[in-house]
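All residue numbers for the sequence shown refer to the numbering used here, where the first residue is 10 and numbers rise by one. Where a beta carbon is used, it is the ideal one built from N, C-alpha and C, also for glycine. Structure first, commentary second.
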Amino acid sequence: RLLPSLAGLAAPGQTFFPMQDETIHYGGQPVAVVVADTIERADHAATLVRIEYESTPATTLLDQARDRAYVPERIFGGLLPGRSSRGDVAKALAEAEVRVDATYRFAPNHHNPIEPSASTAIWDDVDRLTIYDSTQGPNSVQLTVGELLGLPPISIRVVSHAVGGSFGSKAMVWHHPTLAALAARHVGRPVRLVLTREQMFTSCGHREEQEQRVTIGAGADGRITALRHHKISLTSPFDDWAEPSLQSAAVAYLNPNYEGIYHLVRGNTITPTFMRAPGEASGMFALECAMDELAERVGIDPLELRMRNYSDTDPEIGKPWSSSGLRECFQRAAELFGWHDRDPRPRREGQWLIGTGLASALYPVTQPVNPQRAKARIYNDGTAVVEAGVSEFGTGVFTAMTQVAADALGLPVERVRFVGGSSDLPNITAAVGSAGTSAVGSAVHVTACELRDQLIRRAVGDDHSPLHGADPARVEVRDGKMVLSDRPDVGETYSDLLHRTMTPDVEVLGTWNPPPQDAGYGIHTFGAQMAEVAVDADLGVVRVRRMVGVFAPGRVLNRKLAHSQLMGGMLWGLGQALLEATRMDPRLGRWANASLADYLVPVNADAPDVVVDTVEMRDDVVNPIGIKGVGEIGVVGAAAAIANAVHHATGRRSYELPITLEKLL
């Protein structure tokens, strides 16, 4: 039988919910839920389910319905327009002294975190639900499941302390948390629903099959005069989804004439979703490969071409960048890589053809639209606890937030504890778009500063305090002791103040209100990528020998954590360039390689020598702690640098990802 009718709608951008009718829209769509008291019984019971289907023709490949493409009004869950332009592109291209016109194709990709998605639903009463979920945003799951089931947020608690990888697959709220809740309510017992590896290919979105055409017009000196960037991709029957591949490419370089248009084709697929560096990973690949071709046409070094087209302002809005650092990143990357000392001619070592390549990296700084909150409490023993509803999914956010709180409170980090992972804690937006650390970090910073300032005000207003009557602005905190900034021998500890006033603890709930989206600045993170590859002249095998990535993410909270994320992104880019592709079998409308045995990802043996560095650029616009995030920028430009190096080594330019050996033979 069909599921009970839902009270509300699924989240924007993923508006379909299965088992509400008898139509099967895509391969892998859930059609039944089997519940048993052991996994073995559930597996066996699932094999006994018999379903009769009536087949109809399916559209599962872009080329099957290219003639039915349309331009959507908005994409990406309604966040971005389907087209944008400035200047007169047609006229500028017609007048350009040099033109590059290239089309790039991208295979679909899947996230493949080691931990599959999983939800455990427990009903404490008819209207009290607890969900233990693998998610990037506990509050998002709380609100979405509440909407679907018609429950207020107060009736739902979502717990997600540690998540075993995501890369975007656990950013949206998919079907399984609600299905688990419905099943648990039906059987009157807790239900745990864990997706299989194959179901991870059909239940959590993917990076869509897409094609991009880039046309660049330039002067004989390589200065860009026009850029036309069109994209066509496969979306679901329900949503106008396209990853925003054109947005950062549109502002990467000084360019007075621009046109960007998304074209969509409806197919029999689940709605695609965020995948690490959603849009920028593919859009900057197309642009940066075309830029390399332009450098070759005009006869200048690829690095020099990018510097000639560098812009101090956001070309889209004509306003200065809040901070850039692109020049500094390329300068440092060239130094670490030895770019200027290398022989610009390709060389050969026995059977191996050796080449080098580079690319720019850009990623937009995403600001949350709603207030971000945190709670901070200090005890009379001088220890503190800070809380916010953010999950830890391998980025080290709990460690970084402990540092942020300790810095604001003036306490040693060992005297501060950070707690997260539950929707019961103060609201924090889902950790997506490299915005997680900036959102929770800003909330933690504002809250901890408010708590510190409150205690300072108590001290200067206390007749028995050594700080009595002092100007609060002249008081600072060092190692838990409030002291006069010009007389550090005068002061007292938090513990002294609280014990004397018989106060066991002091607590503050703080709020950070993000700046408006139109704050008068262009806001992006910048970086530079370089790579050296070796290509077997007979077999076409590509080995990446070394990679260098330098990035300007504003302030770096924790160098080890930041560099680890950036290195992970660069290796993800290696996978995008050479290995990762999900293949569709159009006869069955199903993915043909839905397993980690058949979907290739980089392993340790594929990893080259990777050098990561950061250039810290002060940025007082983005948030109170001046950070931009590093979760996505590491992957942007990595594939393009590798592809450009392959061309340098072989003389063959790659217009399709991944670059497999048969394409080079």
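Segment limits, alpha helix (DSSP H) that includes residue i
| i | result |
| --- | --- |
| Trp581 | 568-587 |
| Phe346 | 335-346 |
| Thr446 | 445-469 |
| Gln8 | Residue numbering for the chain in the displayed model covers 10 to 674; residue 8 lies beyond these limits and cannot be assessed. |
| Asp52 | 48-57 |
Contacts around residue i, its chain only, beta-carbon distance under 8 Å, and the 5 residues preceding and following it disregarded
| i | result |
| --- | --- |
| Thr205 | Pro125 |
| Gly391 | Leu420, Arg424, Gly489, Thr502, Tyr503, Ser504 |
| Tyr319 | Tyr262, Leu263, Leu335, Arg336 |
Where the beta strand (DSSP E) through residue i begins and ends
| i | result |
| --- | --- |
| Pro497 | 496-502 |
| Lys240 | 233-244 |
| Ala370 | 361-373 |
| Gln538 | 533-545 |
| Ile668 | Counting along the chain, Ile668 falls outside any beta strand (DSSP E), and DSSP gives it neither H nor E. |
| His272 | 267-275 |
| Arg555 | 551-561 |
| Thr139 | 137-142 |
| Ser94 | 92-95 |
| Ser212 | Segment 206-212 is the alpha helix (DSSP H) holding Ser212; no beta strand (DSSP E) there. |
Proximity below 9 Å, CB of residue i to CB of residue j
| i | j | result |
| --- | --- | --- |
| Gly519 | Gly646 | no |
| Ser431 | His184 | no |
| Ala385 | Ala414 | yes |
| Leu335 | Ala650 | no |
| Gly288 | Ser333 | no |
| Ala452 | Ser331 | no |
| Tyr372 | Ile165 | no |
| Gly146 | Asp249 | no |
| Ser178 | Pro246 | no |
| Pro117 | Arg275 | no |
| Ala409 | Ala457 | no |
| Pro329 | Asp321 | yes |
| Val150 | Ile163 | no |
| Ala343 | Gln538 | no |
| Val425 | Gln463 | no |
| Leu434 | Glu396 | yes |
| Val631 | Gly563 | yes |
| Gly228 | Glu106 | yes |
| Ile387 | Leu476 | no |
| Lys635 | Pro611 | The question names Lys, yet the displayed sequence has Gly at residue 635. Not a contact, by the Cβ cut-off of 9 Å. |
Inter-residue Cα distance where the pair is residue i and residue j
| i | j | result |
| --- | --- | --- |
| Leu236 | Val223 | 7 Å |
| Val639 | Ser447 | 10 Å |
| Gly549 | Ser369 | 26 Å |
| Gln340 | Gly347 | 10 Å |
| Val644 | Leu588 | 14 Å |
| Ala6 | Phe407 | Limits of the chain in this structure are 10 at one end and 674 at the other, which puts residue 6 out of reach. |
| Asp110 | Glu104 | 15 Å |
| Leu173 | Thr144 | In the sequence under discussion, the amino acid at residue 173 is Gly, which differs from the Leu named in the question. Cα-Cα distance, rounded: 9 Å. |
| Arg194 | Met28 | 17 Å |
| Arg676 | Leu674 | Nothing can be reported for residue 676, as the shown portion of the chain is limited to 10 through 674. |
| Glu265 | Ser94 | For the record, residue 265 in the displayed sequence is Pro; it is not Glu. Roughly 10 Å between the two C-alpha positions. |
| Glu325 | Arg285 | 24 Å |
| Leu5 | Thr234 | Here the chain has residues from 10 to 674 only, and residue 5 is not among them. |
| Pro595 | Phe210 | 16 Å |
| Gln381 | Thr282 | 24 Å |
| Trp361 | Val619 | 20 Å |
| Leu345 | Ala540 | 11 Å |
| Arg201 | Val182 | 16 Å |
| Ala444 | Gln574 | 14 Å |
| Asn436 | Pro161 | 15 Å |
| Ala479 | Leu506 | 15 Å |
| Thr192 | Leu152 | Residue identity differs from the one stated: residue 192 is Ala in this sequence, not Thr. Between Ala192 and Leu152, the C-alpha separation is close to 19 Å. |
| Val43 | Gly36 | 19 Å |
| Gly531 | Asp323 | 5 Å |
Cβ separation of residue i and residue j, assumed to be a contact under 8 Å, to the nearest whole Å
| i | j | result |
| --- | --- | --- |
| His9 | Ile225 | Within the shown structure, residues of the chain are numbered from 10 to 674, placing residue 9 beyond reach of any answer. |
| Ser291 | Ser254 | 5 Å |
| Thr534 | Val374 | 6 Å |
| Gly231 | Leu303 | 6 Å |
| Val553 | Val544 | So it is not a contact: roughly 10 Å between Cβ atoms. |
| Arg356 | Ile363 | 5 Å |
| Ala590 | Ala652 | The Cβ separation is near 15 Å, so there is no contact. |
| Val739 | Glu625 | Nothing can be reported for residue 739, as the shown portion of the chain is limited to 10 through 674. |
| Thr280 | Ala654 | With 8 Å as the limit, Thr280 and Ala654 do not qualify as a contact, their Cβ atoms being about 35 Å apart. |
| Gly22 | Gly96 | So it is not a contact: roughly 31 Å between Cβ atoms. |
Cβ-based neighbour list, residue i, same chain, cut-off 6 Å, excluding 5 preceding and 5 following
| i | result |
| --- | --- |
| Asp252 | Here the sequence assigns Glu to residue 252, which means Asp is not the residue at that position. The residues are Pro287, Gly288. |
| Glu218 | Leu71, Pro117, Leu243 |
Cβ shell of residue i (< 7 Å), same chain only, five flanking positions each side left out
| i | result |
| --- | --- |
| Glu207 | Ala603, Ser604 |
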